[in-house]
Structures are given as structure tokens and as C-alpha cells.
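Chains as they are written, first to last, in this note's numbering: chain A, 946 to 1064; chain B, 9 to 118.
Backbone N, C-alpha and C define an ideal beta-carbon position, used for all residues, glycine too.
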Amino acid sequence: QLQLQESGPGLLKPSETLSLTCTVSGGSISSSTYFWGWIRQPPGKGLEWIGSLHFSGITQYNSSLKSRVTISVDTSKNQFSLNLSSVTAADTAVYYCARIWPRDWFDPWGQGTLVTVSS
Amino acid sequence: QSALTQPASVSGSPGQSITISCTGTSSDIGSHNLVSWYQQNPGKAPKVIIYENSKRPSGVSARFSGSKSGNTASLTISGVQAEDEADYYCSSYAGSSTYVFGTGTKVTVL
């Protein structure tokens, strides 16, 4: 059964770079069938798609974050990563990674990791 | 990409049917039959309950059904039960490998 697990620092200062990793177990990130994505949820608010990646290196980002976001893959470690630069308090959220099926639905999801931006 | 519009809250008594709407535009919901729905319990990750507008993953209760008409998708819970109390989000493919989520709906079972 495929599982995803987010990891990374939980507390950042404004202007720092958020770096998270999603480790995939029970399956290969190198499957040509799937894309892999990052989604975030500010406390008490809704879900926001951040971006997606295919193991071949194809990426797509939310236009509202595109200037600050980079998603990359490390197939040797079966991981993909999220970098978000110049963070502010508005980037405080639970960050989820998920597999994206060919017909564009997200399953499964990682358990999520809370990242707080505060001085 | 603006968020899809959902009602903030919907409620119903046990056994009643409730429907959650999800309104988008001709660029997302209206152009693609690729709406999915997610159930999120407090402190938990979202879980898919409907994909491709109306398909149910294995293991999801048949009480959940989805539909789409024009720029609006709908999720119906037939015979709502206490265990269905949660937040629900719609999502749609928005073209060029991008996605948009709904604003979310809190379902309360009275």
C-alpha cells in the first residue's frame, strides 16, 4: 500500500526558504503513470494546490506562487521536495504531499506537516 | 486561478439527504469532467470520496454520489449519518496541468 510522509522544519523566520521532503514508500515515484503534488492548508482555511511534478522532471506550479516555488525529484531516494522562498506569515500552513492519478484526483495523501512562519 | 465556490456550511438530520454545490467557471469545471471530492476530518488529511465527477473509490460508502452540470458540480450524501460530519472539498482540473480546490463546506449532522 502506497504511503507518503512529509518531513522538514516546522518553524521558519520571515524571508527564509521553506524546504520540505515527501518520502514515498510502498511504490515507485518513477512510475510513468502518476504525477506527484504539494497542497497546503492555512489554519482554519481551505486547501490550495501548490504544484505538481512527474518523475521525468515535468513541473507545473500555481501561478500565485510560481515566482517562489520549486518542486524537484530524487528518484534514488524515492522522494520529491518543495522549496518555497521568501516566506511570510501568510505561508503558515499544513503542507501535504499526494499522488495524482491520471484522471486528476489526489490519493493517497501524506499526514501533513505544519510549518509556522514567525519572527 | 480562483477557488471554486462552495457553501460554508450544510446541515441535515440523520437519514436526510444533503447536497453540496461547487461552482467554478468554463475554464475548470465547465471544460473538464475531472471533478473530485474530498472528506476531511479534524486534524486529518483529506480523503478522496468521488473522482471523475461521479465515480466512487473502492471502500467509499454508496451514500456518497457526485454529479456535474455546466460549471457546477454537486456532492450528495443520501441518508446522512453522524459519521459523515466533516469538512468537504471539491477539486477540478483547470487545464495545463493545474488544479483548483473549492472553498470547503462544513457538514453538520443535527
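- With a threshold of 7 Å between beta carbons, Tyr979 of chain A makes no contact with chain B.
- Contact between the segment 1017-1031 of chain A and the segment 980-999 of chain A is established, with three or more Cβ pairs separated by less than 8 Å.
- In this structure, B:Val108 is the residue among B:Val108, B:Ala53 and B:Thr116 with its C-alpha nearest to the C-alpha of Cys30 of chain B.
- Taking each of A:Ser1021, A:Val1018 and A:Ser1031 in turn and checking the Cα distance to Ser1012 of chain A, the smallest one comes out for A:Ser1031.
- Between the alpha carbons of Ser17 of chain B and Lys1022 of chain A lies a gap of roughly 42 Å.
- For Lys114 of chain B, the uninterrupted beta strand (DSSP E) segment begins and ends at Thr113 to Val117.
- Per the coordinates, the alpha-carbon of Ser964 of chain A lies some 9 Å from the alpha-carbon of Ser952 of chain A.
- DSSP lists A:Gly996 and A:Cys1042 as the bridge partner or partners of Trp983 of chain A.
- Classified as buried, Pro54 of chain B has 16 or more neighbouring CB atoms from the shown chains inside 10 Å of its CB.
- Taking C-alpha positions only, Ser34 of chain B is separated from Ile974 of chain A by approximately 33 Å.
- With a threshold of 7 Å between beta carbons, Leu992 of chain A makes contact with chain B.
- Here the alpha carbon of Asn49 of chain B sits roughly 13 Å from the alpha carbon of Gln986 of chain A.
- Under the criterion of beta carbons closer than 8 Å, Asn61 of chain B and Ser73 of chain B do not qualify as touching, at roughly 10 Å.
- Taking a 10 Å sphere around the C-beta of Ile1003 of chain A, we find fewer than 16 other C-beta atoms and assign the residue as exposed.
- In this structure, the beta-carbon distance from Gln24 of chain B to Val88 of chain B falls below 7 Å.
- When DSSP states are grouped into helix, strand and coil, Ala1035 of chain A belongs to the helix group.
- In this structure Tyr59 of chain B touches Arg1048 of chain A by the C-beta definition: roughly 7 Å separates them, less than 8 Å.
- Contact note: Gly989 of chain A does not reach chain B at a C-beta cutoff of 7 Å; the least C-beta distance is about 10 Å.
- Close partners of Ser1008 of chain A in chain B (Cβ separation under 9 Å): Gln9 and Thr106.
- Per DSSP, the unbroken beta strand (DSSP E) holding Ser964 of chain A starts and ends at Leu963 to Ser970.
- Where Gln948 of chain A is concerned, the enclosing beta strand (DSSP E) starts and stops at Gln948 to Ser952.
- Gly110 of chain B carries a strand assignment under DSSP once its states are collapsed to helix, strand and coil.
- At a C-beta separation below 8 Å, Thr111 of chain B has these neighbours in chain A: Gly991.
- From the listed residues B:Tyr97, B:Asp92 and B:Gly110, the smallest Cα separation to Gly20 of chain B is found for B:Asp92.
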